[in-house]
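Q: Right, I'll just put the structure down here and ask away after.
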Amino acid sequence: MSKECIACGKTDLTKNEIGINIKLLGEKTEAYYCMDCLADYLEVSVQDILDKIEEFKEEGCKLFS
Ligand SMILES: [Zn+2]
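Per this note's numbering, residue -18 is the first one in the sequence shown, and the count goes up by one each step.
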């Protein structure tokens, strides 16, 4: 399943990008953002999002690779 960023149209979002959208926007989200646009949307830095992804990975979350 291929997703694209609704803000900038970037295609082929990575597994981690899709995973963090689901985590932060909710499982039922129909809007997916790339890393840059998600950071912009949430008013955080890209690094904050990368840190979050690492946290979820450490918890063993299967949404991330
Ligand atoms: Zn984008």
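From the three backbone atoms N, C-alpha and C, an ideal C-beta is built for every residue, glycine too.
Out of -1, -12, -13, which one is the CA nearest neighbour of residue 34?
A: The residue you call residue 34 lines up with position 53 of the sequence shown. Checking every option, the nearest Cα to that of residue 34 belongs to -1.
Q: Look up residue -1 in the DSSP assignment and say whether it is helix, strand or coil.
A: Position 18 of the sequence shown, counted from the first residue, corresponds to residue -1. DSSP places residue -1 in helix when its eight states are reduced to three.
Q: Give me every residue whose Cβ sits closer than 6 angstroms to any heavy atom of ligand 1, in chain order.
A: Residues with a Cβ closer than 6 angstroms to any heavy atom of ligand 1, in chain order: -14, -12, -11, -9, 14, 15, 17, 18.
Q: Do residue 45 and residue -3 have their CB atoms nearer than 8 angstroms?
A: Against the sequence shown, residue 45 aligns to sequence position 64. Against the sequence shown, residue -3 aligns to sequence position 16. A contact, by the Cβ cut-off of 8 angstroms.
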